[in-house]
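Numbering (this note's numbering), first residue to last: 11 to 124.
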């Protein structure tokens with residue numbers, strides 16, 4: 011399984027960015043895809059996750075600002091990030107969990123300037 015992430019970049023506070031992640035390889039129909047992030051000096055944390063059935067979970071810190079969506083036919087997830095804050099600055103990682111395995115994509119950096 012490979013995860014290809016795109017998006018990210020530099021944006022001013024209050025701006026928006028969109029992250030995308032496409033999975034390829036042996037993808038089972040039942041899985042959970044998610045975005046995690048890791049800020050400098052901090053532990054990696056869950057930002058948002060979405061199951062193949064559509065159930066979605068968000069970190070409290072992003073609720074109301076970030077929206078996760080997925081296209082099961084394309085094994086792709088998107089994370090629309092609005093009203094970005096400097097504290098959203100981090101490296102964002104795409105994640106896929108299926109059966110008993112977990113896969114990670116390369117991180118994509120998001121920098122929010124104040």
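Ideal Cβ positions, reconstructed from N, Cα and C, are used throughout, including at glycine.
Given residue i, which residues of its chain have a CB within under 8 angstroms of its CB, disregarding the five upstream and five downstream residues?
i, result
"residue 26", "90, 91, 92, 93, 94"
"residue 48", "54, 55, 100, 101, 103, 117"
"residue 82", "39, 62"
"residue 96", "23, 122, 123, 124"
Report all residues from its chain with a CB closer than 7 angstroms to the CB of residue i; omit the five preceding and five following residues, and keep chain order.
i, result
"residue 18", "27, 29, 102, 118, 119, 120"
"residue 116", "15"
"residue 80", "43, 60, 86, 87"
"residue 36", "11"
"residue 21", "27, 94, 122"
"residue 109", "38"
Give the DSSP-derived three-state secondary structure of residue i in the structure shown.
i, result
"residue 70", "coil"
"residue 85", "coil"
Are there 16 or more other CB atoms within 10 angstroms of the CB of residue i, so buried, or fewer, so exposed?
i, result
"residue 38", "exposed"
"residue 72", "buried"
"residue 106", "buried"
"residue 33", "buried"
"residue 98", "buried"
Quick one: residues in its chain with C-beta nearer than 6 angstroms to the C-beta of residue i, no 5 flanking neighbours on either side, listed in chain order?
i, result
"residue 78", "58, 60, 66, 89"
"residue 75", "92, 93"
"residue 68", "58"
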